[in-house]
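Visitor: Questions regarding the structure given below will be posed in turn.
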Amino acid sequence: PTRRSSDLAGMLRALARARHARLPGLAAAQSSAGVPCSSLRAFSAGASRRRRTSDTDFGGWYDTRCRSTTILSVRKDDKVFLIGDGQVTLGQQVIKPNARKVRQLREGVACGFAGATADAMTLFERLEMKLSEHPETMRACVEMAKAWRMDKYLRRLEAVMIVVDKDVSLTLTGTGDVIEPDNGVIGIGSGGAFATAAANALLEVDGYDAEMIGRKAMDIASDMCVYTNKNYVTELLSTNQEKKPEAEEAA
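Sequential numbering of the sequence shown, starting at -1, is according to my numbering.
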């Protein structure tokens, strides 16, 4: 037992020295610790897989492909306002200034996305299918999140979505989360934090409705975020339901 412990300690020290010195690692550790190269290769490959998995397991908020946009949803009084910018960035180059990242899925349901465009289009189609199966938006989003997380193909898609209707505002993430805000404000993308902070500050201002708050907050975010421009695409929903006239009582 003592010899095995010393061999293991020597192997770990050798791996640490190889990593810090940026050596190939396996040959250096093998020569200094006298440990079979196959064991070190297996250990190194497993650690590399774990790092790659942790870096790209959820291609959502913090992946570079998801940073280049800002989507904001504001719910106030009887209005729900969804707004997104149009800038598409490839590395350090703006390749399109007027992309449409906010769409209407069906009558009364709108959606905006931050992430890879092809992935978002796939998720739009899947969510439309879920809405046709489950007319209630909350139920459809929950089923969509379950499919997103459990399906081997869908869970590799890198996008974050905002879905709104007259009743709920929801965030869908690749980890299977369906999040409803307590104050009706949602922001995603590179400028999402700026837009959310500005919208929260404007919620209590008298005379500002949902659309005014959303546009002002997006102006602030676009001034601060280099991946956000002022070519906005918007959707405005009303939460008012027309009341049916009551039948006149018989005389």
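In this text, a Cβ means the ideal position worked out from N, Cα and C, and glycines have one as well.
Under a three-way DSSP split, which group does Lys74 fall into?
Guide: Residue state, collapsed to three classes: strand.
Visitor: Under DSSP, the beta strand (DSSP E) around Gly113 begins and ends at which residues?
Guide: That run of the beta strand (DSSP E) goes Val107 to Gly113.
Visitor: Would the beta-carbon of Ile191 fall within 8 Å of that of Ala215?
Guide: For the sequence presented, residue 191 should be read as Ala rather than Ile. Contact: no.
Visitor: Grab me the residues of Ile69's own chain with a C-beta within less than 6 Å of its C-beta, minus the 5 sequence neighbours each way, in chain order.
Guide: For Ile69, where only same-chain residues beyond five positions count, the Cβ hits under 6 Å are Gly82, Gly110, Ala112, Ile160, Ile186 and Gly187.
Visitor: Return the chain-ordered list of same chain residues with a C-beta closer than 6 Å to the C-beta of Ala177, the five sequence neighbours on each side being excluded.
Guide: According to the sequence shown, residue 177 is Ile rather than Ala. Cβ within range, chain order: Thr169.
Visitor: Determine the extent of the alpha helix (DSSP H) in which Leu200 is found, giving its start and end residues.
Guide: Here the alpha helix (DSSP H) through Leu200 covers Gly190 to Leu200.
Visitor: In three-state terms, what does DSSP make of Lys128?
Guide: Of the three classes helix, strand and coil, the one that applies to Lys128 here is helix, per DSSP.
Visitor: Could you pull the DSSP bridge partners for Leu170 from this structure?
Guide: For Leu170, which the question treats as bridged, DSSP gives the partners Met159 and Val176.
Visitor: Would you say Arg73 and Gly182 are within 8 Å of each other, going by their C-beta atoms?
Guide: Taking 8 Å as the Cβ cut-off, Arg73 and Gly182 qualify as a contacting pair.
Visitor: For a test of the three-state rule: what should DSSP assign to Thr135, helix, strand or coil?
Guide: If DSSP states are grouped into helix, strand and coil, Thr135 belongs with the helices.
Visitor: Give me the Cα-Cα distance between Thr171 and Asp5, rounded to the nearest whole angstrom.
Guide: For Thr171 and Asp5, the distance between alpha carbons rounds to 45 Å.
Visitor: Taking C-alpha atoms, which residue in Glu209, Thr67 and Lys77 lies nearest to Asn227?
Guide: Checked all of Glu209, Thr67 and Lys77; the closest Cα to Asn227 is Thr67.
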